[in-house]
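Colleague:
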Amino acid sequence: MLWLCLSRIKYSSRVAIMDNLVGRWNMEKGLCTGTDALLKLQGINWALRKGIGLASLRLDVSIYKDDQKPDSDVTVVDVATTPTGGLGVTRERRVLDWSLVDHKDYLFGSNQHQTHWIYGVRDSEGRAYPEFELQTKVAKDEDRVKQFMRGEIQEDGKQTAWDVDEPDAEGKHVWLHTFVRNFDTGWVAEQVWGFEVINGKRYHTRRILSANTKGEYVLGRLVYSFVGRE
7 MLWLCLSRIK YSSRVAIMDN LVGRWNMEKG LCTGTDALLK LQGINWALRK
57 GIGLASLRLD VSIYKDDQKP DSDVTVVDVA TTPTGGLGVT RERRVLDWSL
107 VDHKDYLFGS NQHQTHWIYG VRDSEGRAYP EFELQTKVAK DEDRVKQFMR
157 GEIQEDGKQT AWDVDEPDAE GKHVWLHTFV RNFDTGWVAE QVWGFEVING
207 KRYHTRRILS ANTKGEYVLG RLVYSFVGRE
């Protein structure tokens, strides 16, 4: 069962995004951008990238209260990624208090990630974008990169906007922000999770920025369609 925060009024925007994230999702590859370039920058070899490119990907998302911190209201987002084609399942446990969490899997190796909620209000034109500090340092195009990660533009500069749920009592909308450091080759990756309407349909999307130790970076957007709940 989805764990909801005790104060529905104060945390109504969190409740909405949690409720919308829970369930099964299929990756819409035709709508995703930058996937192969992201994997290449992160050191995934050609053969494995080819296999991932041919596979269908499914996400199963569950959300619950952190049982390791019973006296707090910390939320955990648990994501199991299942590819077709014989590739193994990966599972990520994201603790939404910005604490450091160690993780290791066959695809990305050893890494450490941090995750938390981020917030934003509607601007004068009625669009809402999250406010957060970009963790990934890029040598150039920092303004454009930040605009992309906030959901203001696509990679080509075309204007975009999030499809947000009802705000909380302070008028704030909510997104999920996560940052990963890889211990094997040194790359970092940053994501902002939310929802966007693409071609008239609402999808769960993840804006991604990844950079390596050479200062090279790649932007991408992952797009998922909702399948349902078990």
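Numbering-wise (the working numbering), the sequence shown opens with residue 7 and increments by one. Even for Gly, the Cβ is constructed at its ideal location relative to N, Cα and C.
1) Can you name, in chain order, every residue of its own chain whose Cβ lies under 6 Å from the Cβ of tryptophan 9, other than the five neighbours on each side?
2) From the DSSP output, read off the bridge partner residues of aspartate 108.
3) From the DSSP output, in three-state form, read off tryptophan 168 for me.
4) Using 7 Å as the threshold, is the C-beta distance between valine 198 and tryptophan 181 below it?
5) What's the C-alpha gap between proline 173 and arginine 64?
6) By the three-class DSSP mapping on this structure, what secondary structure does arginine 99 have?
7) How far does the alpha helix (DSSP H) with isoleucine 58 in it reach, from first residue to last?
8) Smallest Cα separation from aspartate 190: which of Val224, Ala22 and Gly49?
9) Per DSSP, what are the beta-bridge partners of methionine 33 in this structure?
10) Rounded to whole angstroms, what's the CA-CA distance from asparagine 32 to methionine 24? Just pull it up for me.
11) Can you find a heavy atom of the ligand COA that lies under 6 Å from the Cβ of valine 95?
12) Are the C-beta atoms of leucine 93 and some chain D residue less than 7 Å apart?
13) Out of curiosity, what's the CA-to-CA distance linking valine 229 and threonine 90?
14) Taking leucine 27 as the reference, which of Met155, Gly177, Val82 and Cys38 has the closest Cα?
15) On the three-state DSSP scale, how would you describe asparagine 218?
16) Once you ignore the five residues that flank lysine 234 on each side, which residues in its own chain have a CB closer than 8 Å to its CB?
17) Taking just the CA atoms, how far does glycine 94 sit from histidine 109?
18) Given a threshold of 16 other Cβ atoms within 10 Å of its Cβ, counted over all protein chains shown, does threonine 219 qualify as buried or as exposed?
19) Quick one: what does DSSP say methionine 7 is sitting in, helix, strand or coil?
Modeller: Result, derived from the coordinates:
1) Any answer about tryptophan 9 is weak, because its pLDDT of 37 lies below 50 and its placement is not dependable; what the coordinates show is given next. Excluding residues within five positions, the ones whose Cβ falls inside 6 Å are Tyr70 and Lys71.
2) Gln118
3) DSSP, read as helix, strand or coil, puts tryptophan 168 in coil.
4) yes
5) 29 Å
6) Strand at arginine 99.
7) 52-60
8) Of the listed residues, the one whose Cα sits closest to aspartate 190 is Gly49.
9) DSSP lists Tyr230 as partners of methionine 33.
10) 18 Å
11) Of the ligands one can find in the structure shown there are none, so the ligand COA has no counterpart to examine.
12) The structure shown contains no chain D; it is built from a single protein chain.
13) 17 Å
14) Out of Met155, Gly177, Val82 and Cys38, Val82 has the C-alpha closest to the C-alpha of leucine 27.
15) coil
16) One point to set straight first is that residue 234 is glycine, not lysine, in the sequence displayed. Hits under 8 Å: Gly29 and Arg30.
17) Each residue's Cα considered, the two are about 16 Å apart.
18) exposed
19) Any answer about methionine 7 is weak, because its pLDDT of 41 lies below 50 and its placement is not dependable; what the coordinates show is given next. Here DSSP, grouped into helix, strand and coil, assigns methionine 7 to coil.
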